[in-house]
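Residue numbers (this note's numbering): -1 to 316.
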């Protein structure tokens, strides 16, 4: 009787239950190690996004300074154009003549690199939509920035000139060759309008895609008429010749100013994107850490249950 009772005790299902729990615990341990490895990977990514955020913030300040440094020149250019335009009212430069037709050249300003939010998508979408709605004829593009060029070539658009790999502080000489191509297309009669699309920098949190009609150009009018005696300028050469020389320079200034504005928008968008990515990585690390603690606690509880079950089995067998 004693031996049969002993065999019955040994054949009790408690040790089998313990083995099932042991197999279950073996599955938990690799999961915990995988979670730890994933936390380490996300932590490394968070360090990268944080560094990119700091770099973008530094470059943003430089881009803002560059935009502010060119504004006095652009404002003075507009003032001179207003003054000369008031004297040469009957002069019709080719850049001032509005043509009837559906052909256009779009100067599309985008970035060379990604990770800067949706400014490239917004610029490309605004440019293509504006052309499709207003110009049914031949559509050509001059791209400033690699992202816009790659997108247009991928969809087989007519890109007649491109400028890419611009530094953080581009010079006019690096941008103007592409503008010259667009002006030549208009001068030769191959197009009826020259347009400009870029991301206008409004604030760190706000950048808007902006479309401007460069040609046919419109001389800015004074918002407030000056009172009192006004200076009577003597032009040498004539006012018409001065206006003919200023109009191409005015168009070039608008494009260069747009490139600088787009640079500031790029760094603003990248700084905010990296800030959001850093925050999202921190939230994910916290969630995974909590989950890892739960997995580890479950493993510890399972091991304790195995020890108790084994102890009960041993005590029952004796």
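For every residue, glycine included, the Cβ atom is placed at its ideal position computed from N, Cα and C.
Computed from a prediction, not measured in an experiment: that's the story for all the values here.
- With a beta-carbon spacing of about 6 Å, residue 140 and residue 179 fall inside the 8 Å limit used to define contacts.
- The shortest CA-to-CA distance from residue 40 to any of 311, 308, 293, 275 is the one to 275.
- The beta carbon of residue 125 is closer than 6 Å to those of 104, 106, 195 in its chain, skipping five residues each way along the sequence.
- Per the DSSP secondary-structure output, residue 102 pairs in a beta bridge with 137.
- Rounded to whole angstroms, residue 154 and residue 131 show a C-alpha spacing of 19 Å.
- Membership of residue 264 in any beta strand (DSSP E) is not indicated; the residue belongs instead to the alpha helix (DSSP H) covering 237 to 315.
- Partner residues in the beta bridge of residue 156, as assigned by DSSP, are 138.
- For the pair residue 304 and residue 281, the Cα-to-Cα distance works out to about 35 Å.
- Shortest Cα-Cα distance from residue 117 to any of 206, 291, 30, 290 involves 206.
- Residue pairing by DSSP places residue 193 opposite 104, 211 in a beta bridge.
- Beta-bridge analysis with DSSP links residue 205 to 199.
- Of 50, 114, 42, 98, the smallest CA-CA separation from residue 264 is found for 114.
- When the beta-carbon positions are compared, residue 190 and residue 60 stay at least 8 Å from each other.
- When 193, 57, 78, 157 are compared, the shortest CA-CA separation from residue 102 is found for 193.
- Taken through DSSP and simplified to helix, strand or coil, residue 95 comes out as coil.
- Spanning the alpha carbons of residue 174 and residue 45 requires a straight line of approximately 38 Å.
- Selection 148, 96, 168 evaluated against residue 160 yields 148 as nearest (Cα-Cα).
- At a Cβ-Cβ threshold of 8 Å, residue 43 and residue 272 do not count as neighbours.
- In the same chain as residue 31, and ignoring 5 residues on each side of it, no C-beta atom comes closer than 6 Å to its own.
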